[in-house]
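Shown next, in structure tokens, is the structure this report addresses.
Number of protein chains: 2
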Amino acid sequence: MTEPLYKQVINTLIQRIADGEYLPGSMLPSEFDLAADLNVSQGTARKALVELELKGIVQRSQGKGTFVTVRTPENSLFHFFRLRTPQGQQVTPELLSTDVKIRASSKEERSLLFNAPKKVFEVSRVRTFKNQPLCHETSIVPIDLFPGLHERCPLPNALYVLFQQAYSCVVISAEENLTAGLLEDPVASLLQQKVGTPVIVARRQARDLLERVVELRTTTILTHGSSYNIDLR
Amino acid sequence: MTEPLYKQVINTLIQRIADGEYLPGSMLPSEFDLAADLNVSQGTARKALVELELKGIVQRSQGKGTFVTVRTPENSLFHFFRLRTPQGQQVTPELLSTDVKIRASSKEERSLLFNAPKKVFEVSRVRTFKNQPLCHETSIVPIDLFPGLHERCPLPNALYVLFQQAYSCVVISAEENLTAGLLEDPVASLLQQKVGTPVIVARRQARDLLERVVELRTTTILTHGSSYNIDLR
DNA sequence: TAGAGTTATTCTTATATAATAGTCAATCTA
DNA sequence: TAGATTGACTATTATATAAGAATAACTCTA
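Taken in order, these protein sequences are the chains called F and U. Read the first sequence against our numbering and you will find it ends at 452, with the numbers running on by one and no gaps. Read the second sequence against our numbering and you will find it ends at 452, with the numbers running on by one and no gaps.
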């Protein structure tokens, strides 16, 4: 093979995690054991593990070991949730309402989602911050990837935790496209705002470990007491 | 020192680049030469260089060498410019107008900018895309960091290129905070839009190699034919 | 100008030592 | 004696050095 060894190791480990062979929160074999297992040097195993840590797939700490990253309600919510107060503090939203539907997918949804599913779940929710409406989210996920999702009511605050724990589907990256917009009904009334209030509309494509697009999400955000924070490199 | 060797190497190299000892586009010494120079092993020098590449400060290619990253008008503009068409293509804006002023800084500007400058340049510009107004930018930079900036008219499309080439000031990271807003005059008329058009307002703090905040920028963005694109990890 | 050979550079692997964290039993103290 | 503290031991990752392999650019020659 022409692909670097450490990349092969990375792919092997990602596959094992995706297969549920290494479960969230469990400890991976040590660098030496992994190296022996995969017939590479400890340094190569190390390079792979460091890169996996960089991707947020595992967490390492000296003297303890390497662990598959667990999505807790706290870290999961914040991982992709970029709203901050003017003072730079995390915004911790609360869930006001949740609504789940099953429906046929649109042509565009099929073209974007993994496996072009015919049916999808549509999860709509309103979040608040300090008892003020903050944002309205609509998540679209393939029904065949998450069977029985609608029976799991009430759905948790952070969907991705559920995806990982119940379906071994680990969301690790996402792309968002933001546009400026004006509130219209019915979202305006859900957010208890006037029609015409300026908002940021964020359209997200979320990808799992295997780079599959497993969720489309549209978030309509009020930016009265918070702003969408981004680090550019 | 208790700090790891390779971090000391990183800091040394960053300092040298900031001092103009290694100029943009120039080749750094080889891993071996650098190691000999700094009395470390080649592997340690390597680790430092890899990290610098990760930060975007240098570019490496096998068989050629390691080079200080050059901000060209093309890559500089795009590095922090996240607007994309609905098809996902880069938006390449054109400069419609530029306006440079010297003025006293506000209290807030002094508190944010490096060295709390009393006087600042204020560079205002309007960009277009496909002959349509796209965004309005206002950059605030300390006058003492960039002496003579106002005499360099016409200013180039990308300010950061000028900062690097003329002032050895390399902008490598930035933080932006986005809010939703409605256009008001005078920006509305500059963008040839009605008052009340929804926009994204992006407030940026740009940092240089030494982590100093060297620019405050406010961009007012129309999102008719493009959207603000973000990769979340 | 085509191609072989040379050189410079990064990439990969190997090995050794240091630092860190956890475990458990022995010891001290009230 | 109960509970806390200490210290020895083990497992693990972090750091550092070194050396060989692979790659790309360059140079010389026919």
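Each residue gets a CB set at the ideal place from its N, CA and C atoms; glycine is no exception.
Anyone know if the C-beta pair for U:Leu-332 and U:Leu-435 falls short of 8 Å? Remark: C-beta atoms of U:Leu-332 and U:Leu-435 approach each other more closely than 8 Å.
Shorter than 8 Å from the beta carbon of U:Ser-408 to some beta carbon of chain F? So, not an interface residue.
Could you tell me which of F:Lys-349, F:Thr-317, F:Arg-329 and F:Ile-359 sits nearest to F:Phe-340, measuring between CA atoms? Considering only alpha carbons, the answer is F:Ile-359.
Do you know how far the Cα of U:Val-389 is from the Cα of F:Gln-227? Straight-line spacing of the CA atoms in F:Gln-227 and U:Val-389 works out to 36 Å.
Pull up the distance between the alpha-carbon of U:Ala-323 and that of U:Arg-235, whole angstroms please. Between U:Ala-323 and U:Arg-235, the alpha-carbon positions lie close to 32 Å from each other.
Along chain U, which residues have their Cβ under 8 Å away from the Cβ of F:Tyr-447? Around F:Tyr-447, the beta-carbon contacts reaching into chain U at under 8 Å are Asn-396, Leu-397 and Thr-398.
C-beta atoms of U:Val-420 and U:Glu-403 nearer than 8 Å: Result no, Cβ atoms of U:Val-420 and U:Glu-403 do not sit closer than 8 Å.
List the endpoints of the continuous alpha helix (DSSP H) containing U:Gly-262. Going by DSSP, U:Gly-262 is part of the alpha helix (DSSP H) stretching over 261–273.
Best match in F:Leu-273, F:Phe-251 and F:Lys-274 for proximity to F:Thr-263 [C-alpha to C-alpha]: Answer by Cα proximity: F:Phe-251.
Within chain U, the residues that F:Ala-393 reaches when beta carbons sit closer than 9 Å: In chain order: Ile-449, Asp-450, Leu-451 and Arg-452.
Measure the C-alpha to C-alpha separation of U:Lys-326 and U:Leu-364 and round it to an integer number of angstroms. So the alpha carbons of these two residues sit roughly 18 Å apart.
Would U:Arg-235 pass as an interface residue toward chain F - the criterion being a Cβ-Cβ separation below 8 Å? With 8 Å as the cut-off, U:Arg-235 does not count as an interface residue toward chain F.
For U:Ala-323, the residue or residues it bridges with in DSSP: In the DSSP secondary-structure assignment, U:Ala-323 is bridged to U:Lys-338.
Between which residues of its own chain and F:Ile-362 is the CB-CB distance below 7 Å, once the five residues before and five after are set aside? Here F:Ile-362 has Ile-321, Pro-336, Lys-338, Val-339 and Phe-340 as same chain residues with Cβ atoms under 7 Å from its own Cβ, once five neighbours each way along the sequence are excluded.
Select from F:Gln-308, F:Ile-440, F:Met-246 and F:Leu-315 the residue whose C-alpha is nearest the C-alpha of F:Thr-398. Among F:Gln-308, F:Ile-440, F:Met-246 and F:Leu-315, the Cα nearest to that of F:Thr-398 is on F:Ile-440.
Return helix, strand or coil for F:Ile-449, following the three-state DSSP convention. Strand.
Per DSSP, which one or two residues make a beta bridge with U:Ala-421? Paired residue(s): U:Leu-397 and U:Thr-438.
Residues that U:Ile-475 contacts on chain F, provided the C-beta gap is smaller than 8 Å: In the structure as shown, chain U begins at 220 and stops at 452. Residue 475 of chain U is therefore absent and cannot be evaluated.
Contact with chain F by U:Glu-442, beta-carbon distance below 8 Å: Here the sequence assigns Thr to residue 442 of chain U, which means Glu is not the residue at that position. So, interface residue.
U:Cys-354 bridges to which residues according to DSSP? Beta-bridge pairing links U:Cys-354 to U:Arg-346 and U:Ile-440.
With C-beta atoms as the reference, is F:Phe-299 less than 8 Å away from U:Leu-302? No, they are not a contact pair.
Mind checking who U:Glu-313 pairs with in its DSSP beta bridge? Looking at the DSSP assignment, U:Glu-313 forms a beta bridge with U:Thr-347.
In whole angstroms, what separates the C-alpha of U:Val-289 from that of U:Ala-377? Each residue's alpha carbon lies about 13 Å from the other.
Pull up the distance between the alpha-carbon of U:Tyr-225 and that of F:Thr-317, whole angstroms please. If I take the Cα positions, the gap works out to 50 Å.
For U:Gln-412, the first and last residue of its enclosing beta strand (DSSP E): Counting along the chain, U:Gln-412 falls outside any beta strand (DSSP E), and DSSP gives it neither H nor E.
Proximal residues to F:Pro-352 (C-beta, below 6 Å), its chain only, five neighbours per side dropped: Result list for F:Pro-352: Leu-410 and Gln-411, in chain order.
Count the other CB atoms, across all protein chains shown, that sit within 10 Å of the CB of F:Thr-438; report buried if there are 16 or more and exposed otherwise. Answer is buried; the Cβ neighbour count reaches 16.
Residues that F:Phe-286 bridges to, as DSSP identifies them: According to DSSP, which records beta bridges pairwise, F:Phe-286 is partnered with F:Met-246 and F:Gln-278.
Can you tell me whether DSSP reads F:Leu-302 as helix, strand or coil? F:Leu-302: strand per DSSP, three-state reduction.
Using a beta-carbon distance cut-off of less than 9 Å, what residues from the region 268–302 of chain U approach chain F? For the region 268–302 of chain U, the set of residues with a beta-carbon nearer than 9 Å to any beta-carbon of chain F comprises Leu-273, Lys-274, Gly-275, His-298, Phe-299 and Arg-301, in chain order.
Strand pairing of F:Asp-318, partner residues [DSSP]: Note: F:Asp-318 is bridge-paired with F:Ser-343 in the DSSP secondary-structure output.
When the Cα of F:Arg-344 is compared with those of F:Ala-254, F:Asn-334 and F:Val-319, which residue comes out closest? The candidate whose alpha carbon is nearest that of F:Arg-344 is F:Val-319.
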